[in-house]
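Student:
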Amino acid sequence: MNNRSTPIYGQITGWGAYVPEKVLTNHDFPPELETSDEWIFQRTGIRARRIAAPDETTCTLSLHASRAALTQAGVQAAELDLIIVATSTPDHHTPPVSSQLQHSLGATDVPAFVIVTGCTGFVYALSTAYQFIHSGAYRTILVVGVELLSRFVDWTDRSMCVLFGDAAGAVVIQATERACGLRSFVLGSDGSQSEQIMMHGGGSAHPFSQEVLDNRQQYVQMNGREVFKFATRIVGPACEQAAAKAGLTLADIDWIIPHQANLRIIQAAAKTMDFPLERFVVNIEHYANTSAASIPLALTENLANGRILPTDRLLLVAFGAGLTWGAAVVEMSPR
Ligand code: UT7
Numbered sequence: 015m016n017n018r019s020t021p022i023y024g025q026i027t028g029w030g031a032y033v034p035e036k037v038l039t040n041h042d043f044p045p046e047l048e049t050s051d052e053w054i055f056q057r058t059g060i061r062a063r064r065i066a067a068p069d070e071t072t073c074t075l076s077l078h079a080s081r082a083a084l085t086q087a088g089v090q091a092a093e094l095d096l097i098i099v100a101t102s103t104p105d106h107h108t109p110p111v112s113s114q115l116q117h118s119l120g121a122t123d124v125p126a127f128v129i130v131t132g133c134t135g136f137v138y139a140l141s142t143a144y145q146f147i148h149s150g151a152y153r154t155i156l157v158v159g160v161e162l163l164s165r166f167v168d169w170t171d172r173s174m175c176v177l178f179g180d181a182a183g184a185v186v187i188q189a190t191e192r193a194c195g196l197r198s199f200v201l202g203s204d205g206s207q208s209e210q211i212m213m214h215g216g217g218s219a220h221p222f223s224q225e226v227l228d229n230r231q232q233y234v235q236m237n238g239r240e241v242f243k244f245a246t247r248i249v250g251p252a253c254e255q256a257a258a259k260a261g262l263t264l265a266d267i268d269w270i271i272p273h274q275a276n277l278r279i280i281q282a283a284a285k286t287m288d289f290p291l292e293r294f295v296v297n298i299e300h301y302a303n304t305s306a307a308s309i310p311l312a313l314t315e316n317l318a319n320g321r322i323l324p325t326d327r328l329l330l331v332a333f334g335a336g337l338t339w340g341a342a343v344v345e346m347s348p349r
């Protein structure tokens, strides 16, 4: 454990993402769904999403993103001390997909676990990883945000199936004595609103049965309007709190990377904050809502295209099932 006087920080040294090859545009939905590119784009900002191939699973999506992040960091899988996977759509209820990933990576005997906090998962996982680094328990951690929601949405329900896409993103965090990495975090949960995003069937409350299937309760359901209101209310305060906890104001932040659920949520939140909309990283148009994968996907994409610099100070913010929320200030390198 960390008994030394010098604090230990956790720097993000590698990042990677993976999206399936198949692109499903708003024009590809069948006429019987009674939707349109116009409705979807105006209400959400989404034009397309990626859909996993039949032989792809949450584990294989994670594997691609993880390998990219490890390569970028110059870290071998066997050098990992811990693997944390944020997802609500694992390959199976049991075993944890984190152990499947650990084995697939060849990270022999490395501890691994899953965090299930819906779309907030990556921020929760990053904050958790930091505790292991800061305490001195572990020095090299892989954090993955991954979701294969196309297998959990009802493709006959236009209010849901147009919103989501499949993707994975991963980062490698390494211990350093130089002040950088995760500088603050804010996490929250309001279980009184747990029914706003819910998969009713398949758990201990309603195990799989013919009735569950007849009621289509194997699919995720959402009260979109309520979640929308919650999200627009929480994003601004969560960002301001995270900045304040890092001893900063929003003026000190280079980019906000929000969970990509709806462009209108981002626009509405931006209006309540003293932060320009142009400095929000947005890619929902191409990938839709990829839940726990959306932030590491946007991070990786924008580091790769040079929009985010490896020296930038970032604020990540997410909200989702639970209902949960989370925000974190991340400095890509010492300042
Ligand atoms: O990532 C986890 C968190 N999730 C979110 O943050 C999602 C938050 N919520 C939202 O993004 C928005 O609430 C939605 C995009 C889900 C819905 O947008 P909305 O403006 O709140 O629409 P609505 O649900 O109030 O529906 C408006 C109308 C309804 O018709 P009526 O009742 O007014 O006649 C719907 O039946 O739009 C209809 N509708 C559609 N029409 C065409 C719903 N889905 C569709 C569709 N195509 N795909």
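Residue numbers (the numbering used here): 15 to 349.
Backbone N, C-alpha and C define an ideal beta-carbon position, used for all residues, glycine too.
#1: Which word fits Asp159, buried or exposed, when buried means at least 16 other C-beta atoms lie within 10 angstroms of its C-beta?
#2: Please classify Gly336 as buried or exposed, where buried requires at least 16 neighbouring CB atoms within 10 angstroms.
#3: Report the CB separation of Ile187 from Gly195 in whole angstroms; it is logged as a contact under 8 Å.
#4: Considering only DSSP beta bridges, list what Gly135 is partnered with.
#5: Do Arg327 and Asp266 have their beta-carbon atoms positioned less than 8 Å apart in this structure?
#6: With a threshold of 7 Å, establish whether the CB of Arg247 neighbours any heavy atom of the ligand UT7.
#7: Going by DSSP, what residue range makes up the beta strand (DSSP E) through Ile22?
#8: Which parts of the stretch 112-176 are runs of the alpha helix (DSSP H), unbroken and 4 residues or longer, counting only runs that do not cross its ends?
#9: If you check the beta carbons only, do Leu47 and Ala91 fall under 8 Å apart?
#10: Give a yes or no on whether the C-beta atoms belonging to Pro348 and Ala193 are separated by under 8 Å.
#11: Enumerate, from N- to C-terminal direction, the unbroken alpha helix (DSSP H) stretches of 4 or more residues contained entirely within the stretch 199-230.
#12: Taking 7 Å as the cut-off, is the beta-carbon of Ala193 closer than that to any non-hydrogen atom of the ligand UT7?
#13: Count the CB pairs spanning the stretch 129-142 and the stretch 217-231 that are closer than 8 Å, and state whether there are at least three.
#14: DSSP state of Ala260, grouped into three classes?
#15: Three or more C-beta pairs under 8 Å: does that hold for the stretch 157-171 against the stretch 276-288?
#16: Any idea if Thr314 is buried or exposed, counting beta-carbon neighbours within 10 angstroms, 16 or more meaning buried?
#17: Pull up the distance between the alpha-carbon of His117 and that of Pro290, whole angstroms please.
#18: Going straight from the alpha carbon of Glu35 to that of Asp228, what length do you get?
#19: Assuming Phe136 contacts Ile309 (C-beta within less than 8 Å), just tell me the rounded distance between them.
#20: Could you tell me if the beta carbon of Ala100 falls within a distance shorter than 7 Å of some heavy atom in the ligand UT7?
#21: Look up Tyr32 in the DSSP assignment and say whether it is helix, strand or coil.
#22: Taking Cβ to Cβ, would you say Tyr32 is nearer than 8 Å to Asp95?
#23: Hey, out of Ala184, Ala260, Ala341 and Gly320, whose CA is closest to Thr85's CA?
#24: So what's Pro45 in DSSP terms, helix, strand or just coil?
Tutor: According to the structure shown:
#1: Start at 1 with the first residue of the sequence shown, and residue 159 comes out as number 145. The sequence shown places Gly at residue 159, rather than the Asp named in the question. Counting Cβ neighbours within 10 Å, Gly159 comes out buried, since at least 16 surround it.
#2: Looking up residue 336 in the sequence shown gives position 322. Buried, since its Cβ has 16 or more Cβ neighbours within 10 Å.
#3: Residue numbering aside, residue 187 sits at position 173 when the sequence shown is read from its first letter. Residue numbering aside, residue 195 sits at position 181 when the sequence shown is read from its first letter. Right, their Cβ atoms sit about 7 Å apart.
#4: Taking the first residue of the sequence shown as 1, we reach residue 135 at position 121. BP columns for Gly135 are empty, so no partner.
#5: Working through the sequence shown from its first residue, we reach residue 266 at position 252. Working through the sequence shown from its first residue, we reach residue 327 at position 313. Closer than 8 Å, so yes.
#6: Locating residue 247 in the sequence shown gives position 233, where the first residue counts as 1. Answer for Arg247: no, Cβ out of range of the ligand UT7.
#7: The residue given as residue 22 occupies position 8 in the sequence shown. No beta strand (DSSP E) contains Ile22, which DSSP labels as neither H nor E.
#8: 135-148 and 172-175
#9: Against the sequence shown, residue 47 aligns to sequence position 33. Against the sequence shown, residue 91 aligns to sequence position 77. Their beta carbons are not under 8 Å apart, which means Leu47 does not touch Ala91 by this criterion.
#10: Numbered from 1 along the sequence shown, position 334 holds the residue referred to as residue 348. Numbered from 1 along the sequence shown, position 179 holds the residue referred to as residue 193. Yes, the Cβ-Cβ distance between Pro348 and Ala193 is below 8 Å.
#11: 224-228
#12: One-based indexing of the sequence shown puts residue 193 at position 179. Ala193 Cβ: outside cutoff for every heavy atom of the ligand UT7.
#13: They do not touch, by the three-pair rule.
#14: By 1-based counting over the sequence shown, the position of residue 260 is 246. In this structure, Ala260 counts as coil in the three-state DSSP scheme.
#15: no
#16: As a working note, residue 314 is residue 300 in the sequence shown. Label assigned to Thr314: buried.
#17: Working through the sequence shown from its first residue, we reach residue 117 at position 103. Working through the sequence shown from its first residue, we reach residue 290 at position 276. The alpha-carbon atoms of His117 and Pro290 are separated by roughly 43 Å.
#18: By 1-based counting over the sequence shown, the position of residue 35 is 21. By 1-based counting over the sequence shown, the position of residue 228 is 214. So the alpha carbons of these two residues sit roughly 32 Å apart.
#19: Indexing the sequence shown from 1 puts residue 136 at position 122. Indexing the sequence shown from 1 puts residue 309 at position 295. That belief holds up - the Cβ atoms of Phe136 and Ile309 are roughly 5 Å apart, short of 8 Å.
#20: As a working note, residue 100 is residue 86 in the sequence shown. Answer for Ala100: no, Cβ out of range of the ligand UT7.
#21: By one-based count along the sequence shown, residue 32 stands at place 18. Reduced to three states, the DSSP call for Tyr32 is strand.
#22: The sequence position of residue 32 within the sequence shown is 18, counting from 1. The sequence position of residue 95 within the sequence shown is 81, counting from 1. No, Cβ-Cβ distance for Tyr32 and Asp95 is not below 8 Å.
#23: The residue given as residue 85 occupies position 71 in the sequence shown. Of the candidates Ala184, Ala260, Ala341 and Gly320, the one whose C-alpha sits nearest the C-alpha of Thr85 is Ala184.
#24: Translated into the one-based positions of the sequence shown, residue 45 becomes position 31. Helix, per DSSP.
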